[in-house]
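Number of protein chains: 6
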Amino acid sequence: MGKRHDQRDPSQLREVNFTLDYTEMALASCLIEVGKTKVICSVSADDRVPPWLRGKGSGWLTAEYSMLPSATRERTPREAVRGKQGGRTVEIQRLIGRSLRSSIDLRRLGEMELVVDCDVLQADGGTRTASITGASVALRAALVRLEKAGRIRSDTLISSIGAVSVGIVDGQAVLDLDYHEDSAAEVDMNVVMNNQGEYVEIQGTAEGATFSKSQLVDLLKLAESGIRTLLSLGDMALTGLA
Amino acid sequence: MGKRHDQRDPSQLREVNFTLDYTEMALASCLIEVGKTKVICSVSADDRVPPWLRGKGSGWLTAEYSMLPSATRERTPREAVRGKQGGRTVEIQRLIGRSLRSSIDLRRLGEMELVVDCDVLQADGGTRTASITGASVALRAALVRLEKAGRIRSDTLISSIGAVSVGIVDGQAVLDLDYHEDSAAEVDMNVVMNNQGEYVEIQGTAEGATFSKSQLVDLLKLAESGIRTLLSLGDMALTGLA
Amino acid sequence: MGKRHDQRDPSQLREVNFTLDYTEMALASCLIEVGKTKVICSVSADDRVPPWLRGKGSGWLTAEYSMLPSATRERTPREAVRGKQGGRTVEIQRLIGRSLRSSIDLRRLGEMELVVDCDVLQADGGTRTASITGASVALRAALVRLEKAGRIRSDTLISSIGAVSVGIVDGQAVLDLDYHEDSAAEVDMNVVMNNQGEYVEIQGTAEGATFSKSQLVDLLKLAESGIRTLLSLGDMALTGLA
Amino acid sequence: MGKRHDQRDPSQLREVNFTLDYTEMALASCLIEVGKTKVICSVSADDRVPPWLRGKGSGWLTAEYSMLPSATRERTPREAVRGKQGGRTVEIQRLIGRSLRSSIDLRRLGEMELVVDCDVLQADGGTRTASITGASVALRAALVRLEKAGRIRSDTLISSIGAVSVGIVDGQAVLDLDYHEDSAAEVDMNVVMNNQGEYVEIQGTAEGATFSKSQLVDLLKLAESGIRTLLSLGDMALTGLA
Amino acid sequence: MGKRHDQRDPSQLREVNFTLDYTEMALASCLIEVGKTKVICSVSADDRVPPWLRGKGSGWLTAEYSMLPSATRERTPREAVRGKQGGRTVEIQRLIGRSLRSSIDLRRLGEMELVVDCDVLQADGGTRTASITGASVALRAALVRLEKAGRIRSDTLISSIGAVSVGIVDGQAVLDLDYHEDSAAEVDMNVVMNNQGEYVEIQGTAEGATFSKSQLVDLLKLAESGIRTLLSLGDMALTGLA
Amino acid sequence: MGKRHDQRDPSQLREVNFTLDYTEMALASCLIEVGKTKVICSVSADDRVPPWLRGKGSGWLTAEYSMLPSATRERTPREAVRGKQGGRTVEIQRLIGRSLRSSIDLRRLGEMELVVDCDVLQADGGTRTASITGASVALRAALVRLEKAGRIRSDTLISSIGAVSVGIVDGQAVLDLDYHEDSAAEVDMNVVMNNQGEYVEIQGTAEGATFSKSQLVDLLKLAESGIRTLLSLGDMALTGLA
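Quick note, the sequences are listed as chains L, R, C, Y, W and P, same order.
First residue of the first sequence: 1, per UniProt numbering; consecutive thereafter.
First residue of the second sequence: 1, per UniProt numbering; consecutive thereafter.
First residue of the third sequence: 1, per UniProt numbering; consecutive thereafter.
First residue of the fourth sequence: 1, per UniProt numbering; consecutive thereafter.
First residue of the fifth sequence: 1, per UniProt numbering; consecutive thereafter.
First residue of the sixth sequence: 1, per UniProt numbering; consecutive thereafter.
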């Protein structure tokens with residue numbers, strides 16, 4: 001069980017920071033930093049729901065994800081210039097949206113659409129899980145404000161959620177992979193859990209490899225401990241608000 | 001442990017058929033039928049690899065997925081008319097490609113790109129897992145033919161893979177959900193395994209719900225038994241070829 | 001008057017098969033096979049007509065055409081991936097739509113849009129004429145079902161239509177060109193007729209050549225005899241239904 | 001055989017004018033006016049051929065067609081704003097290109113691509129046939145200039161071509177339909193012929209109707225006489241040049 | 001203060017011509033020729049305003065700009081084929097729209113959208129300023145006709161506007177640059193003024209250079225004298241109409 | 001000469017801050033804050049120049065501009081989702097690119113393309129001028145680093161540039177408009193100058209109004225004083241680097 005390339009233990013998260021309302025135009029926003037990874041997560045509310053939901057009395061939450069071109073060591077071409085979102089972007093924003101929807105009661109929300117924007121300022125691995133974790137904090141702040149404004153019921157929030165990546169690197173299960181580790185990982189798994197310790201999403205991928213049942217068990221344990229820590233830090237970030 | 005709406009046991013697959021070379025223009029093709037779900041999986045070979053792989057001596061495999069507009073009870077708008085592939089399509093074809101790449105040795109393939117097309121003629125649930133399972137059979141037939149033609153080495157294939165969906169419906173873990181069950185499922189999980197019993201992909205989603213660790217264990221067991229059966233049937237379909 | 005490369009007489013069709021409801025999600029579908037050419041033709045009904053027809057009491061019929069990437073010997077890039085339908089596709093689906101609209105009374109149809117999907121599973125020449133011929137059969141089945149369901153009047157169908165290609169190959173007028181002949185043809189003509197022996201469409205093209213009046217006469221005669229046979233076979237395919 | 005709404009005989013063309021080099025930036029251009037229909041047809045030469053022709057020693061000709069938004073009584077939305085060319089546009093420019101290619105010897109042209117632009121300034125019916133007729137004149141001027149500049153062989157031109165629409169209006173076969181007649185026509189046919197009296201293209205359409213063999217014969221006769229006149233007028237327009 | 005390459009004085013415009021209603025389908029159109037530059041400017045009226053203005057009792061004016069591919073010495077690719085308008089096009093049409101909106105009272109216009117199309121038939125420098133100048137003439141004709149038809153108030157027009165380019169070429173300030181001068185200019189400035197001598201837009205650009213305050217003063221003087229002349233010529237073109 | 005809504009004098013800038021390398025993946029980056037407006041300006045270097053410059057020994061600089069959806073009080077739809085950049089975006093990034101190109105010697109740069117990304121995190125007016133000012137600082141840092149790495153000559157930088165908006169609000173000329181003032185301004189002018197006091201760009205617009213010569217003189221004076229201050233602050237931000 002050796003140290004990792006940045007001296008972390010296998011079960012150690014990178015340094016994590018939440019800055020509530022780093023930008024102040026949206027209903028609520030949260031800048032999450034996980035090591036060098038920086039993501040601004042913002043929540044807006046729209047009184048119109050998507051066409052297929054109109055008149056049904058239920059709300060919706062949708063998420064969008066993007067990286068600044070300068071977020072990566074080698075500049076990433078801008079999707080607005082290419083004229084469409086790439087496959088990776090689409091996959092990530094669908095994951096973020098699904099995960100967050102599991103944490104609120106859409107019927108209690110009423111006919112309102114919440115739009116969550118996750119914009120990556122700097123990418124050093126784990127941007128999708130940082131997005132989910134940061135967005136859950138921003139979402140909770142947004143719901144408090146909507147409730148204070150009398151726009152939603154007080155019991156719309158079901159749970160808080162957190163997400164982390166785990167993987168097998170050099171044969172060892174590790175928590176919270178940075179870009180360097182992610183590039184070398186045999187197995188890469190993103191886990192989303194709520195504060196009741198239940199799974200919301202598990203996405204395990206073995207690009208060019210496979211993984212066994214015992215490895216799966218190890219990875220899920222690591223993920224659970226990491227998410228518990230992230231959820232505590234998120235709670236603290238919201239202290240001032242409550 | 002009651003019967004399901006179509007009289008299947010919880011651990012029972014739908015009827016499965018493989019028809020090799022239903023269409024004959026591609027290098028190899030396989031029509032897979034799982035209940036009413038019908039998918040044509042075809043494999044083509046291209047001597048040019050994507051730009052970022054050129055001159056590196058390694059090959060690539062890419063997958064595309066589509067549904068005929070008439071494949072669903074309510075007609076699905078054609079993506080070529082809308083001008084882009086939807087998020088669900090992109091997510092599925094990325095999954096198919098990643099899974100199949102784990103079953104071959106890309107360096108042994110040499111500078112060649114295999115293109116796998118999964119076109120759904122009729123959709124009744126489980127189209128992405130049927131695509132993976134059928135495409136693995138077509139891929140194996142294609143590799144045999146490429147080897148006979150002297151275009152690839154004999155050890156390019158690493159494993160055969162199969163995929164199945166499992167889920168929690170009315171609180172019960174069930175195997176191979178059809179469209180009716182899929183719409184009502186609390187949890188939906190797609191599992192891809194190889195013939196060594198190792199995981200290639202696990203994608204578990206709880207849209208509007210969550211799932212516990214013991215439920216996860218039950219679902220993975222069901223999936224494993226289903227995939228073993230699918231792999232046997234796939235082997236039989238290839239008997240004439242070998 | 002020598003034999004053709006596949007031993008057919010100049011005035012001989014390839015083997016033709018109609019399979020009604022090969023897929024069963026649409027209102028009606030027909031798999032037509034003309035030699036190796038295979039097309040699934042499906043008909044769906046939508047209670048909304050296009051915006052420019054709303055409130056006018058008249059219906060509409062629109063057609064879409066596509067080829068599976070694996071339908072051709074050399075894989076054809078997927079239009080949904082390229083982001084738009086090609087010129088050939090657009091031209092063909094406009095022809096199919098126009099032809100079928102001539103066979104029904106749009107005012108009697110009432111405010112309903114029929115959508116015809118022609119998806120080519122395998123292409124060996126004559127896909128546009130096979131699409132029209134197969135779609136006319138599926139359309140007639142669909143109209144019978146709509147009438148039984150009380151959704152349309154019984155006199156909506158005006159005629160049945162059929163289509164075939166004719167051309168000049170090696171100086172000889174031939175019926176129903178396959179891909180091999182089509183590539184070598186000096187003149188290529190698609191003819192659509194109804195069961196009263198009247199023309200619906202004539203599209204004669206001499207890519208890199210021209211044709212004389214007497215050649216035109218010969219080609220039109222061949223086409224008429226071919227279409228009569230196709231219309232008889234189509235009638236038989238619908239026997240079970242009536 | 002009564003007069004038409006604009007007092008023309010059934011077999012009478014509208015007034016036709018050719019203005020060579022109305023614009024002077026292209027290699028050659030021709031403004032053709034047929035009644036109120038006005039089209040600028042221009043020819044440019046590019047030393048690069050399309051990728052699929054490179055190194056084969058043969059040339060190519062491609063055509064593009066467009067209407068100014070202000071060309072029609074009701075403004076037509078601009079295709080560049082909508083982000084794609086419509087189906088009608090694609091169909092027309094493919095027809096123009098095919099027709100013109102039949103009038104030159106692509107192998108003698110050598111590795112050069114001729115681009116023909118047909119831009120409709122005002123549309124009053126018959127824009128596609130006016131485009132072909134005007135473009136053939138511009139093409140002939142361009143070939144003379146290319147030959148003088150020593151860039152092509154003197155025998156590249158095979159024939160001159162002309163095109164006209166004919167149709168059945170109120171049961172009567174008429175030549176050169178204007179917009180008013182075109183909207184009311186039961187049958188609409190575009191015919192392209194060369195100066196040897198041979199057919200290059202025949203496109204007969206019966207939107208919502210059909211036509212008999214004897215009607216076909218009448219229409220083809222009308223078309224031939226009209227095209228002969230157009231070809232003579234085109235020759236005169238080129239007199240100054242030769 | 002030497003002569004320019006085409007023998008003009010530094011403060012001399014090229015020859016200017018206005019042809020009212022060169023095309024006659026739109027509400028009003030004006031062909032403006034400035035030297036070899038030719039632009040058709042047309043005005044259409046639509047009773048619907050853009051969504052964000054509906055129900056507010058105010059009107060709107062929007063402009064679109066395009067060049068025929070054959071307008072330039074080297075053929076310009078067609079934007080409808082490329083699938084989008086280029087940056088230069090977008091910038092120009094926004095400038096035209098803004099400028100023209102300053103010349104009318106949008107509230108007096110009422111709920112109506114005026115669409116101005118500027119289509120460049122031939123480009124020899126100054127197409128954006130010719131478009132503004134020609135469009136102002138067409139707009140005034142259109143307003144007269146709308147007023148006669150009782151569709152707008154008589155005081156909707158605020159002013160007439162004109163535009164011209166000025167620049168520094170070989171160190172000398174010159175008026176109305178043609179393409180040859182434009183390519184060589186150190187500084188290029190487009191000025192839009194109204195008939196009260198007030199500025200509507202100033203856009204000065206020094207691609208690869210800079211300009212001083214005294215140069216700015218010289219350029220603005222030249223522009224003002226040029227625009228006065230253009231406004232007089234525009235008034236004359238409208239004489240017949242008033 | 002009264003106070004403004006935020007208590008500033010007419011000739012007073014908002015508080016300005018430059019943070020060099022707020023993100024650290026690009027060659028250089030600068031976060032500029034002007035009041036609540038926040039823009040990350042990053043510079044990347046690419047050894048390939050655009051196709052039209054290849055082999056000419058000269059370099060290029062291109063700029064891209066975007067706003068986070070959450071940057072504005074009312075959420076702005078994401079351009080990558082809409083599938084294209086809007087007209088305003090295109091206009092702004094062309095202005096940024098042109099302005100910055102005037103500050104470097106492209107021939108001395110050699111065959112290298114500099115890409116400048118200006119991403120607006122929060123928008124409260126003046127985002128295009130903040131982008132230019134911040135990007136000039138990032139560009140200077142990038143050039144110092146490229147020179148140290150031996151990739152460019154030491155004399156590539158010609159000047160530093162700064163930009164500011166000025167306008168007429170309630171009849172009074174004011175410097176550095178925030179969003180509130182910008183919405184109410186009769187005239188809006190963006191001025192770009194270099195550290196020799198010469199103009200690089202002047203873009204004056206009177207949406208729904210006009211402006212006189214004396215107003216122009218006042219605005220240009222205000223702009224000059226504001227830019228001098230911005231250039232001093234930019235120099236200080238770079239002190240640590242030199």
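For every residue, glycine included, the Cβ atom is placed at its ideal position computed from N, Cα and C.
Kindly provide the ranges of any beta strand (DSSP E) runs that are 3 or more residues long and lie completely inside the region 76-151 of chain C, ordered along the chain. Counting whole runs of 3 or more residues, the region 76-151 of chain C contains the beta strand (DSSP E) stretches 113-122.
Considering Cα atoms alone, identify which of MET193(R), SER165(R), GLY197(R) and TYR199(R) is closest to SER183(R). As a first step, residue 183(R) must be located in the second sequence, where it is residue number 183. Ranked by Cα distance from SER183(R), the options MET193(R), SER165(R), GLY197(R) and TYR199(R) are led by SER165(R).
Give the residues of chain Y in contact with ALA26(W), contact being defined as C-beta atoms less than 8 Å apart. Position 26 of the fifth sequence, counting from 1, holds the residue named residue 26(W). Near ALA26(W) (Cβ distances below 8 Å), the residues of chain Y are SER70 and ARG75.
With DSSP as the reference, identify every bridge partner of ALA28(R), one or two as the case may be. Reading the second sequence from its first residue, position 28 is the one you call residue 28(R). ALA28(R) pairs with VAL43(R).
Find the residues of chain L that neighbour ASN190(R), judging by a C-beta separation of less than 7 Å, and give them in chain order. Walking along the second sequence from the start, residue 190(R) turns up at place 190. Chain order gives no chain L residues near ASN190(R), where near means a beta carbon separation below 7 Å; the closest approach is about 10 Å.
Helix, strand or coil for LEU241(Y) per DSSP? Translated into the one-based positions of the fourth sequence, residue 241(Y) becomes position 241. Here LEU241(Y) carries a coil assignment [DSSP, helix/strand/coil].
Could you tell me which residues DSSP puts in a beta bridge with GLY226(R)? Within the second sequence, numbered from 1, the residue matching residue 226(R) stands at position 226. In DSSP, GLY226(R) forms no bridge with anything.
For the UniProt domain "Exoribonuclease phosphorolytic" (12-142) of chain Y, enumerate the residues whose C-beta is nearer than 7 Å to any C-beta of chain C, in chain order. For the UniProt domain "Exoribonuclease phosphorolytic" (12-142) of chain Y, which is checked against every Cβ of chain C, the residues closer than 7 Å are LYS84, GLY87, VAL90, GLU91, ARG94, ARG98, ARG101 and SER102.
With a threshold of 7 Å between beta-carbons, can ASN195(P) be considered close to chain W, or not? Working through the sixth sequence from its first residue, we reach residue 195(P) at position 195. Using beta-carbon distances, ASN195(P) does not count as an interface residue toward chain W, since no partner is under 7 Å.
In the structure shown, what three-state DSSP assignment does GLN215(L) receive? To locate residue 215(L), count along the first sequence from 1; it is residue 215. GLN215(L) falls in the helix class under three-state DSSP.
Please classify ASP117(P) as buried or exposed, where buried requires at least 16 other C-beta atoms within 10 Å of its C-beta. Within the sixth sequence, numbered from 1, the residue matching residue 117(P) stands at position 117. Classification for ASP117(P): buried.
Alpha carbon of GLY226(W) to alpha carbon of SER11(W), nearest angstrom: For the purposes of this step, residue 226(W) is identified with residue 226 of the fifth sequence, where counting begins at 1. For the purposes of this step, residue 11(W) is identified with residue 11 of the fifth sequence, where counting begins at 1. Spanning the two alpha carbons is a distance of roughly 8 Å.
From CYS30(P) to LEU121(L), what does the alpha carbon distance come to, in whole angstroms? One-based indexing of the sixth sequence puts residue 30(P) at position 30. One-based indexing of the first sequence puts residue 121(L) at position 121. The straight-line gap separating the alpha-carbon atoms of CYS30(P) and LEU121(L) is approximately 13 Å.
Reduced DSSP secondary structure (H/G/I, E/B, other) of ASP176(P): Taking the first residue of the sixth sequence as 1, we reach residue 176(P) at position 176. Coil at ASP176(P), not helix or strand.
Could you list which residues in chain W have their beta carbon closer than 7 Å to that of ALA209(P), in chain order? On the sixth sequence, position 209 is the one that residue 209(P) refers to. Here the neighbours are SER102.
Cβ shell of THR76(L) (< 7 Å), same chain only, five flanking positions each side left out: Indexing the first sequence from 1 puts residue 76(L) at position 76. For THR76(L), the CB contacts under 7 Å within the same chain, skipping 5 residues up- and downstream, are MET67 and PRO69 in chain order.
Within its chain, find whatever has a CB closer than 7 Å to the CB of ASN195(L); leave out the 5 residues flanking it on each side and keep chain order. Indexing the first sequence from 1 puts residue 195(L) at position 195. The answer, listed in chain order, is SER159, SER160 and LEU231.
Compare the beta carbon distance of LEU27(W) and VAL43(W) with 7 Å and say whether it is the shorter of the two. Your numbering for residue 27(W) matches position 27 in the fifth sequence. Your numbering for residue 43(W) matches position 43 in the fifth sequence. Yes, they are a contact pair.
Taking the beta carbon of ALA149(R) as the centre, do at least 16 other beta carbons fall within 10 Å, making it buried, or is it exposed? Working through the second sequence from its first residue, we reach residue 149(R) at position 149. Within a 10 Å sphere around the beta-carbon of ALA149(R) sit fewer than 16 other beta-carbons, which makes this residue exposed.
Buried/exposed call for THR239(Y), threshold 16 Cβ in 10 Å: Locating residue 239(Y) in the fourth sequence gives position 239, where the first residue counts as 1. Taking every protein chain shown into account, the CB of THR239(Y) has fewer than 16 other CB atoms within 10 angstroms, so this residue is exposed.
Would you report the Cα separation of THR127(C) and GLU201(Y), rounded to the nearest angstrom? What you label residue 127(C) is simply residue 127 of the third sequence in a count that begins at 1. What you label residue 201(Y) is simply residue 201 of the fourth sequence in a count that begins at 1. Distance between the alpha carbons of THR127(C) and GLU201(Y) is about 20 Å.
How far does the beta strand (DSSP E) with TRP60(C) in it extend, from its first residue to its last? The residue labelled residue 60(C) in the question sits at position 60 within the third sequence. Taken as a continuous stretch (DSSP letters only), the beta strand (DSSP E) holding TRP60(C) covers 60-67.
Does chain L have any CB closer than 7 Å to the CB of SER212(R)? Sequence index remark: in the second sequence, residue 212(R) carries index 212 (1-based). Output row for SER212(R): interface = yes.
Span separating the alpha-carbon of SER154(Y) from that of PRO50(Y): Taking the first residue of the fourth sequence as position 1, residue 154(Y) is located at position 154. Taking the first residue of the fourth sequence as position 1, residue 50(Y) is located at position 50. A straight line joining the alpha-carbon of SER154(Y) with that of PRO50(Y) spans about 23 Å.
According to DSSP, which residues form a beta bridge with MET193(L)? For the purposes of this step, residue 193(L) is identified with residue 193 of the first sequence, where counting begins at 1. Answer is GLY162(L) and TYR199(L), bridged to MET193(L).
Give the residues of chain C in contact with VAL200(Y), contact being defined as C-beta atoms less than 7 Å apart. Within the fourth sequence, numbered from 1, the residue matching residue 200(Y) stands at position 200. Near VAL200(Y) (Cβ distances below 7 Å), the residues of chain C are ALA206 and THR210.
Distance cutoff 7 Å, beta carbons only. Does GLN203(C) sit that close to anything in chain Y? Along the third sequence, read from residue 1 onward, the residue named residue 203(C) stands at position 203. By this cut-off, GLN203(C) is an interface position.
Tell me which same chain residues have a C-beta within less than 6 Å of the C-beta of ALA142(L), skipping the five on either side of it? The residue labelled residue 142(L) in the question sits at position 142 within the first sequence. Cβ within range, chain order: LEU27, ALA28 and VAL43.
Among VAL191(R), ILE40(R) and GLU181(R), nearest to ASP119(C) - alpha-carbon criterion: As a working mapping, residue 119(C) is identified with position 119 in the third sequence. It is ILE40(R) whose Cα lies nearest to the Cα of ASP119(C).
When the Cα atoms are used, what is the spatial distance from GLU224(L) to MET193(L)? For the purposes of this step, residue 224(L) is identified with residue 224 of the first sequence, where counting begins at 1. For the purposes of this step, residue 193(L) is identified with residue 193 of the first sequence, where counting begins at 1. In this structure, the straight-line span from the alpha carbon of GLU224(L) to that of MET193(L) is close to 8 Å.
Helix, strand or coil: how does DSSP classify ASP170(C) here? For the purposes of this step, residue 170(C) is identified with residue 170 of the third sequence, where counting begins at 1. In this structure, ASP170(C) counts as coil in the three-state DSSP scheme.
Distance check for SER214(C) and ALA206(C), CA to CA, integer angstroms please. Position 206 of the third sequence holds residue 206(C). Position 214 of the third sequence holds residue 214(C). Rounded to the nearest whole angstrom, the CA to CA distance from ALA206(C) to SER214(C) is 15 Å.
Exposed or buried, GLY204(W), counting other C-beta atoms within 10 Å across all chains shown (16 or more means buried)? Working through the fifth sequence from its first residue, we reach residue 204(W) at position 204. With 16 or more other Cβ atoms within 10 Å, it is buried.
What residues of chain L sit near LEU216(R), judged by a beta carbon separation below 7 Å? For the purposes of this step, residue 216(R) is identified with residue 216 of the second sequence, where counting begins at 1. Here the neighbours are TYR199.
For SER136(Y) and SER103(Y), believed in contact at Cβ under 8 Å, the rounded distance: Position 103 of the fourth sequence holds residue 103(Y). Position 136 of the fourth sequence holds residue 136(Y). Contact holds; Cβ gap of about 6 Å.
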